[in-house]
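Numbering (the numbering used here), first residue to last: 2 to 128.
Okay, here's the thing in structure tokens:
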């Protein structure tokens, strides 16, 4: 039986709900996105210099599959060492790699503002 880890839980505001899709592999995610005709992927999270970039559902793999990548830079952090923690060098480098090679980055404030603007726009009308 798996031991409960009370400090390791998904926040209620992003916890999967009944009917939500949960993809465990890049292939599963790719099939779901293709089926739903989704082309733009927003990334945020921990370990930007590892999982966010390099997993089979991460930025590198999904960009190779043809998706447009947007990293929410202020919602992302890398694994830092004692030497890099003060200036967040690994985090800044990871954001830079995304911007130079794989896609673009945006702030969470810009992302929220764009979502709000899209919700106010009449359906079918493009800006």
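Using N, Cα and C, we set each Cβ at its ideal position, and we do this for glycine too.
- Given residue 25, which residues of its chain have a CB within under 6 angstroms of its CB, disregarding the five upstream and five downstream residues? Position 24 of the chain shown, counting from 1, holds the residue named residue 25. Nothing listed; no residue qualifies.
Near residue 17, which residues of its chain fall below 6 angstroms by C-beta distance, leaving aside the five closest residues on each side in sequence?
For the purposes of this step, residue 17 is taken as residue 16 along the chain shown, with counting starting at 1. So the qualifying residues of the chain are 23.
Problem set entry | Nonlocal neighbours in the same chain, by C-beta distance under 8 angstroms from residue 2, ignoring five residues either side | What you label residue 2 is simply residue 1 of the chain shown in a count that begins at 1. The predicted position of residue 2 is uncertain, since its pLDDT is 43 and thus under 50; a value taken from the coordinates is nonetheless stated next. Taken in chain order, the list of residues that qualify is empty.
Looking only at its own chain, which residues have a Cβ that is under 6 angstroms from the Cβ of residue 30, when we skip the five neighbours before and after it? Position 29 of the chain shown, counted from the first residue, corresponds to residue 30. The answer, listed in chain order, is 24 and 58.
Fill in: Bridge-paired residues (DSSP) for residue 41
What you label residue 41 is simply residue 40 of the chain shown in a count that begins at 1. DSSP output for residue 41 lists 69 as bridge partner(s).
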